[in-house]
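In what follows, a single structure is set out as structure tokens and then discussed.
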Amino acid sequence: MHKDPEALKMKGRVAVDGMADEEECQALMQLVNEEAIYGDGYKGITKPFSEHEKFEGITVKDAVNAAGEKRVPLFLPAMYVYLAERSRAFVQRFFGLSNHLYFSFTHLVCRQAKDGSPSNRSDLSHPVHADNCIVDHQHKVCHKIDPAFTWRDYSSVLYLNDNFDGGNFMFANYDNTSQVEVEPKCGRLVAFAADDLHGVQPLLRGQRCALAMWYTLDPLHQELEMVSSWNKIEQLLEKKKEEEQKEGDQSNNNSTDEEHEEL
Numbered sequence: 189m190h191k192d193p194e195a196l197k198m199k200g201r202v203a204v205d206g207m208a209d210e211e212e213c214q215a216l217m218q219l220v221n222e223e224a225i226y227g228d229g230y231k232g233i234t235k236p237f238s239e240h241e242k243f244e245g246i247t248v249k250d251a252v253n254a255a256g257e258k259r260v261p262l263f264l265p266a267m268y269v270y271l272a273e274r275s276r277a278f279v280q281r282f283f284g285l286s287n288h289l290y291f292s293f294t295h296l297v298c299r300q301a302k303d304g305s306p307s308n309r310s311d312l313s314h315p316v317h318a319d320n321c322i323v324d325h326q327h328k329v330c331h332k333i334d335p336a337f338t339w340r341d342y343s344s345v346l347y348l349n350d351n352f353d354g355g356n357f358m359f360a361n362y363d364n365t366s367q368v369e370v371e372p373k374c375g376r377l378v379a380f381a382a383d384d385l386h387g388v389q390p391l392l393r394g395q396r397c398a399l400a401m402w403y404t405l406d407p408l409h410q411e412l413e414m415v416s417s418w419n420k421i422e423q424l425l426e427k428k429k430e431e432e433q434k435e436g437d438q439s440n441n442n443s444t445d446e447e448h449e450e451l
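Numbering (the numbering used here), first residue to last: 189 to 451.
Rendered as structure tokens:
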């Protein structure tokens with residue numbers, strides 16, 4: 189375990205290493221760099237948080253569709269779904285949840301520092317916020333009201349790389365100061381309760397990529413795209429097997445014909 193709840197200064201928090209190896213991280217990096225859309229999830233706004241950074245992402249559905257259209261190998265979205273489920277299962281176990289923890293939303297994302305980004309930035313890569321309530325910094329309270337995603341119960345982020353400067357994840361105070369930081373690296377997962385304040389320190393150089401996941405205990409708010417993506421991946425795998433079988437049969441038939449000609 190990278191950091192336990194005590195090191196992270198509050199119960200309901202954990203940071204753990206080894207949730208993905210280098211090959212798995214590189215697979216997701218390949219997928220996001222080939223298929224991600226700038227501003228995905230933020231109505232096409234390429235710089236939703238900072239003018240010094242660009243943001244891009246890809247959903248599970250779009251990743252699977254890309255494989256269905258043969259723009260990317262099928263193992264890439266399969267790895268996306270596999271690592272998401274591995275992370276979800278860990279969060280379920282670690283927090284000792286008796287009820288099933290569902291995906292609420294899953295997003296493979298990258299932030300890219302713009303060339304010439306100042307090293308003395310005062311803005312954050314992602315402002316301090318909570319994932320299921322509206323933060324009232326003045327009165328130090330978080331309101332579970334619309335338009336917040338009030339049904340979200342837990343969140344996690346699986347990091348894919350560390351070859352960048354800045355961009356540390358931070359648990360935060362209501363005055364936007366940092367309580368404790370987690371440095372991203374391949375396979376490191378940080379998980380926490382959805383009402384826990386957090387943000388991201390400014391990204392000064394390079395590209396920072398991660399698999400962001402939000403969870404709910406309410407089946408009515410589960411991410412149906414995740415369920416359908418599992419099913420479509422299975423269908424695509426079956427189709428691939430059938431195509432390979434046909435190619436193998438055709439190759440065998442051609443070999444047999446050649447043998448007959450030699451006779």
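C-beta atoms are modelled at their ideal positions from N, C-alpha and C, and glycine is treated no differently.
All figures in this text were calculated on a predicted structure; none of them were measured in a lab.
### Query
Buried or exposed: residue 433, going by 16 or more other Cβ atoms within 10 Å of its Cβ?
Against the sequence shown, residue 433 aligns to sequence position 245. It is exposed - the Cβ of residue 433 has fewer than 16 other Cβ atoms within 10 Å.
### Query
How would you write the range of the alpha helix (DSSP H) that residue 410 sits in, first residue to last?
Your numbering for residue 410 matches position 222 in the sequence shown. Where residue 410 is concerned, there is no enclosing alpha helix (DSSP H), given that its DSSP letter is neither H nor E.
### Query
What residues in its chain sit with their C-beta under 7 angstroms from that of residue 375, if we drop five residues either side in the sequence?
Position 187 of the sequence shown holds residue 375. 205, 206, 207, 208, 209, 213.
### Query
Three-state secondary structure (DSSP) at residue 282?
Residue 282 sits at position 94 when you count from the first residue of the sequence shown. Three-state DSSP puts residue 282 in a helix.
### Query
From residue 305 to residue 311, what does the alpha carbon distance come to, in whole angstroms?
The sequence position of residue 305 within the sequence shown is 117, counting from 1. The sequence position of residue 311 within the sequence shown is 123, counting from 1. For residue 305 and residue 311, the distance between alpha carbons rounds to 12 angstroms.
### Message
Quick check on the DSSP output: what are the complete alpha helix (DSSP H) runs of length 4 or more inside the stretch 237-293, in order along the chain?
### Response
248-256, 263-282
### Task
Identify every residue that forms a DSSP beta bridge with residue 406.
Start at 1 with the first residue of the sequence shown, and residue 406 comes out as number 218. Looking at the DSSP assignment, residue 406 forms no beta bridge with any residue, so it has no partner.
### Message
I need the DSSP call for residue 333, collapsed to helix, strand or coil.
### Response
Reading the sequence shown from its first residue, position 145 is the one you call residue 333. Note: residue 333 maps to coil in three-state DSSP.
### Query
Whose CA, out of 425, 354, 401, lies closest to the CA of residue 279?
Counted from its first residue, the sequence shown places residue 279 at position 91. For residue 279, the nearest C-alpha among the options comes from 401.
#### Entry: Residues near residue 373 in its chain [Cβ-Cβ closer than 8 angstroms; skip 5 each side]
The residue labelled residue 373 in the question sits at position 185 within the sequence shown. Contacts found: 205, 347, 349, 350.
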